[in-house]
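Data block below; observations after.
There are 2 protein chains.
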Amino acid sequence: MNESPAGTPAPAVPRRPARLTPLPLSAVRLDPASLLGGRQEVNAAATIPHCVDNIERTGVIENFRRLVGVPAVPDGSFQGMLFADSDLYKTLEAIGWEMARTGTDRWAGLLSDVAELLEQVQTPAGYLNTRVQGTPGAEPFSQLEHSHELYCAGHLIQAAVAIHRGGGDPRFLTIARRFADLIARTFTADAAPRIDGHPEVETALIELYRETGEESYLRAAELQIERRGHGVLPPGGLGSQYYQDHLPVRAATEAIGHSVRQLYLAAGVTDLQLENGDETLLHAMTQLWDSAFGTKMYITGGHGSRHRDEAYGDPYELPPDRAYAETCASIAALQWSWRLLLATGRARYAEEMERALLNAIAASTTADGTAFFYSNPLQLRTGHDGSHEDAPSERLPWYECACCPPNLARLLASVHGYAATSDASGLQLHLLTAGSFTADTLTVVVETGYPWSGEVLMSIRGRGELAVRIPPWAAGATAAATGAKVLAEPTAGDYLRVSCDDGAIVRITLPMKPRLVRADRRVDAVRGCVAIERGPIVYCVEQADLPDGVTVEQLALDPSGAILEEVSHPVHLRLPAIITPLDTTLYQPYPPASTASTPVTITAIPYYTWANREPGAMRVWLPLA
Amino acid sequence: MNESPAGTPAPAVPRRPARLTPLPLSAVRLDPASLLGGRQEVNAAATIPHCVDNIERTGVIENFRRLVGVPAVPDGSFQGMLFADSDLYKTLEAIGWEMARTGTDRWAGLLSDVAELLEQVQTPAGYLNTRVQGTPGAEPFSQLEHSHELYCAGHLIQAAVAIHRGGGDPRFLTIARRFADLIARTFTADAAPRIDGHPEVETALIELYRETGEESYLRAAELQIERRGHGVLPPGGLGSQYYQDHLPVRAATEAIGHSVRQLYLAAGVTDLQLENGDETLLHAMTQLWDSAFGTKMYITGGHGSRHRDEAYGDPYELPPDRAYAETCASIAALQWSWRLLLATGRARYAEEMERALLNAIAASTTADGTAFFYSNPLQLRTGHDGSHEDAPSERLPWYECACCPPNLARLLASVHGYAATSDASGLQLHLLTAGSFTADTLTVVVETGYPWSGEVLMSIRGRGELAVRIPPWAAGATAAATGAKVLAEPTAGDYLRVSCDDGAIVRITLPMKPRLVRADRRVDAVRGCVAIERGPIVYCVEQADLPDGVTVEQLALDPSGAILEEVSHPVHLRLPAIITPLDTTLYQPYPPASTASTPVTITAIPYYTWANREPGAMRVWLPLA
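Just so you know, the protein sequences line up as chains A and B, in that order. For the first sequence, my numbering gives the first residue as 1, with consecutive numbering after it. For the second sequence, my numbering gives the first residue as 1, with consecutive numbering after it.
Here it is, written out as structure tokens:
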């Protein structure tokens, strides 16, 4: 058990002191009326039960029952994707974090039943994978390029750590340790080096090391990381980039290949760096981060522009319509940025966590928490064929490949753990949200309607330095304090530092005027377009808000007109635009004949709220008139 | 044997009289100095031998040898994709057409050896597929959603027809008929209807019907067509659109799913309509064609914008960088347009044949005919990762999935068959190219440097009506005739009709000034850009022509400046442009700060000639300054 923070550790608390230390989960409470806090409530009340129902419905638990001779349906065979086990494990992890957050005992019976099943399925050696164990002749760890065995093991381990931190059934940690011991033994003894085709076990093994102090887990993670990029895996039809085996991690400074694999690996490498202090790893990770977040990220915080191979595209290849932007990729990106934030204390990493949380990740569920996007496009065309789950027209209750819904559940149950940190001087608030945050010497109670309001009121008990992240778009932010000393005027993109005495009040005002944003000219796919942001929220225009007979494709924004706000939560915007007739020929002479256009005022809604009415066209990037 | 045209029939000569009748292959000769004629020479001298070498190298022929116990390498197993047999068959088809074109006996030995192998591999029932026959326990026609058995059979049949027309080894037609007889028997007797996941056999069976007069082949094709769209195939993970099984052919009027399957099916349906005269089929096909060519086609004549599932995208989803635009799709599109041209006589179908031939299809090979693009993007970015054969930076000598190279070979060997037709009144010239063309009552000798020159001189022997297609961009074309009567002034997008006496001379002048072309505003991916065309040729800008230190991404075209032509074959253009500094931030406030731009004159080259120097960035669509 890692003793450094008091209470329940948040995800990824380094054993070796880092630049910043996460607050214990028990030291943070998000206001349920806040956007993130509200999402946590919906997650607990709806998403986690929905995941539990679906792992049963889709046969994931049945895969375990069948192996121990107690199937609910006789004569069945393995159901689901190769990595179906991980659907269960991610759901268990969500339950673990939820227990840590609220102390709920709602899932105690389920945990007990599942622990018993896992104990029975696990081999005496510690191995546990229903796909391999249920396939006659299949040898453990023999098809690692596509078997996802260590990936599934990693999710089991992370579930066990979360359940342990949440005070749940202790058998999970025992099961996870037995499997981790097997992995450490097996892979350390490899004659020919082996790695898993899907990175994930690295962060998990390091979390287990943090939870237990067992150093062989850290070494096992290090082996997976250091072996990568030496052509260990057969590239097959997908190429070595897909498997993150194209270059050693210190040389692989362009984000490439399968985006979730890339981002989980990067999180694992950064975890390793946090524990071993290897500056060459940190250098590579900051370069890689610049590539991913500086040339390949959607304005919503989505990652991975290619449906084919679920991959990163070339730099600036960011089509809004075919954005893959897998929900899991944004979650992985957040986990990675969090680790770099801990390592460096730099605001940029927290900025991108907020962007993803309030846009791509928030968009991936319905308001009621029971339907999900797997890919998160920034544009849906009139006439879109939504028949395939690869690119549906609305959120679906579940997926054939169901990695995203339980991933969301585990993130949201622990998201308060990513909001604030501490260091020797005091407390750092990275995610602006109503709630309360306690570090060693001070507690900060935050009252705010953010992200809709720019007023943030902070009441301090105890004393110490409070650092509050001022977002990069908040030039002109002001700060006032009583019983506290503002150490420097607020600067956009940096932390406002305030030296606080007990009873201090700090008030920050952020400018919330809607902004037009353009992309680097190399992002060809949105040339001549702008996006609209207000605070950290990206907006979109949806067919459901347009007058009858007008399609999204006919709109162009008048950039000189004033954007009005509708006072509501969430805030809607009213935009000055024009409507032009549709073209009638696919290719035609330039310049176009002049056409009559009609002025119109249109509504824009937060991107994350799209597709909560009937299916229809949507776009984030609007052409300029 | 179909007697209607004298000499060797071209591809797809209907038995039932159509609006237009193809000229016999022996009645057409393309000038080897013309673009298309030159391509035929390179195809004969380099591409066909290259295909022959590669089907040997990749084990395609070995798959046959192994089945009859004479493998070159003992103890080998099946090599290549499920449909590897078709690589051989398409190469054989190319050889057949090449024999019909030139009478070459270069391949007689190969044909004899292969015929002997096929005879030995073919079962007494007539079945022939090395993948199925080489897989223990595999049952013929039992996995049709992915086995490609009828697809391969179709290519065998088409090869046999071409070899028969070329006067080659007669055993191929016998082998093909035995297989076709089996297919006709088997599928007619189906208790539960079965279709192949990859349409292709439809056109083949109808060609074999045309070659032999055997009506059961036409009926077998009709069964494959009429059964489609009733959910006959399990949709699996790819969805029923992928297999063209989502809607019956009369209702499926949006081009969708796997583009090559869509286009081969459409060609087959149109073949069926040509033979049975069913107007409901023609109506559906013209609607489908409008969808494909009017909302989903690249300006180069490429089809299919999605790498994922090799599919058509939504209407107007036409990203230039991720254009899949498979070479086979453009070939299939040409074959389909040809059939609609025969059915209707409308110029639009011939226009799109020319667009594809001189742009997407021409771009798919190197000048020397031995390296190929599978996908044909309209943009390659600086920093493109070309490590995967899915999106290489330059043409590759061969592909793991080698459908395209031999498909090109078979098209080019027969492309003269698509240039002209006849009807009761005379001869129609659809593809403007130097060469000679003979119909029943007249011969036309065409002298022209087209597509570089707009001067087309036609000398007529015999008498009759000559119809010459005036391209849609050729407003202002003029015609002059001696010994002939021009029946109406030339109209862009229609046929110029000239009543000719023996010895007549007809001279057409087409305006060849370079043109700026824009796309429908719904093609978001090229907003704010123009393409440059001159005559039928689409141009591009390539990194190799830019000054040191300037990248393609920095360019913007000045649309008000004059475009100059360099007198060369092919004609290069000189464009007025500006260079702007690269942006440094992915997302930033709008409007941008003003930046200094530098005027520059840049070279544009025909798109089809790109990537014949070092690999580098390229773009067809240029941003406007």
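All C-beta atoms, glycine included, are put in the ideal place defined by N, C-alpha and C.
When burial is assigned at 16 or more other CB atoms within 10 Å of the CB, is residue i buried or exposed?
i	result
residue 213 (chain B)	exposed
residue 238 (chain A)	buried
residue 296 (chain B)	buried
residue 53 (chain B)	exposed
residue 137 (chain A)	exposed
residue 276 (chain B)	exposed
residue 513 (chain B)	exposed
residue 482 (chain A)	exposed
residue 582 (chain B)	exposed
residue 113 (chain B)	exposed
residue 487 (chain A)	exposed
residue 82 (chain A)	buried
residue 588 (chain A)	exposed
Can you list the residues of chain B that residue i reaches, using a CB-CB cut of under 8 Å?
i	result
residue 297 (chain A)	586
residue 317 (chain A)	321, 322, 381
residue 530 (chain A)	590
In whole angstroms, what is the alpha-carbon distance linking residue i and residue j?
i	j	result
residue 350 (chain A)	residue 131 (chain A)	38 Å
residue 418 (chain A)	residue 521 (chain A)	33 Å
residue 86 (chain A)	residue 157 (chain A)	10 Å
residue 4 (chain B)	residue 461 (chain B)	Here residue 4 (chain B) scores only 36 on pLDDT, less than 50, and its place in the model should not be relied on; the value that follows carries that caveat. Using only the alpha carbons, I get a separation of about 22 Å.
residue 614 (chain B)	residue 542 (chain B)	10 Å
residue 67 (chain B)	residue 76 (chain B)	11 Å
residue 555 (chain A)	residue 377 (chain A)	19 Å
residue 306 (chain A)	residue 332 (chain B)	26 Å
residue 2 (chain A)	residue 284 (chain A)	Here residue 2 (chain A) scores only 36 on pLDDT, less than 50, and its place in the model should not be relied on; the value that follows carries that caveat. Straight-line Cα distance between these residues: approximately 28 Å.
residue 408 (chain A)	residue 447 (chain A)	26 Å
residue 19 (chain A)	residue 422 (chain A)	9 Å
residue 96 (chain A)	residue 353 (chain A)	22 Å
Beta-carbon separation of residue i and residue j under 8 Å?
i	j	result
residue 24 (chain A)	residue 9 (chain A)	yes
residue 228 (chain B)	residue 175 (chain B)	no
residue 159 (chain B)	residue 223 (chain B)	no
residue 465 (chain A)	residue 499 (chain A)	yes
residue 525 (chain A)	residue 525 (chain B)	yes
residue 320 (chain B)	residue 621 (chain B)	yes
residue 471 (chain B)	residue 510 (chain B)	yes
residue 624 (chain B)	residue 523 (chain B)	no
residue 420 (chain A)	residue 437 (chain A)	yes
residue 416 (chain A)	residue 30 (chain A)	yes
Who are the neighbours of residue i on chain A, taking C-beta pairs under 8 Å?
i	result
residue 307 (chain B)	306, 307, 308
For residue i, which residues in chain B fall below 7 Å Cβ to Cβ?
i	result
residue 387 (chain A)	239, 241
residue 314 (chain A)	381, 383, 384, 385
Applying a beta-carbon distance threshold of less than 7 Å, which residues of chain A neighbour residue i?
i	result
residue 256 (chain B)	385
residue 553 (chain B)	522
residue 518 (chain B)	588, 590, 592
At 9 Å on the CB atoms, spell out the chain A contacts of residue i, in chain order.
i	result
residue 249 (chain B)	The contacting residues do not exist; residue 249 (chain B) stays about 18 Å from chain A at best.
residue 559 (chain B)	590, 591
Name, please, each residue of chain B whose Cβ falls closer than 9 Å to the Cβ of residue i.
i	result
residue 515 (chain A)	589, 590
Three or more C-beta pairs below 8 Å linking the segment 148-159 of chain A and the segment 241-252 of chain A: no
The segment 546-565 of chain A contacting the segment 488-497 of chain A, beta-carbon criterion three pairs below 8 Å: no
Stretch-stretch touch, CB-based, cutoff 8 Å, three pairs: the segment 258-272 of chain A with the segment 202-217 of chain A: yes
The segment 355-369 of chain A in contact with the segment 595-604 of chain A per 3-pair CB rule at 8 Å: no
Inter-stretch contact at 8 Å, needing at least 3 Cβ pairs: the segment 53-62 of chain B / the segment 390-408 of chain B: yes
The segment 298-316 of chain B / the segment 244-261 of chain B touching (three or more Cβ pairs under 8 Å): yes
Meets three-Cβ-pair contact criterion under 8 Å: the segment 32-47 of chain A and the segment 422-430 of chain A: no
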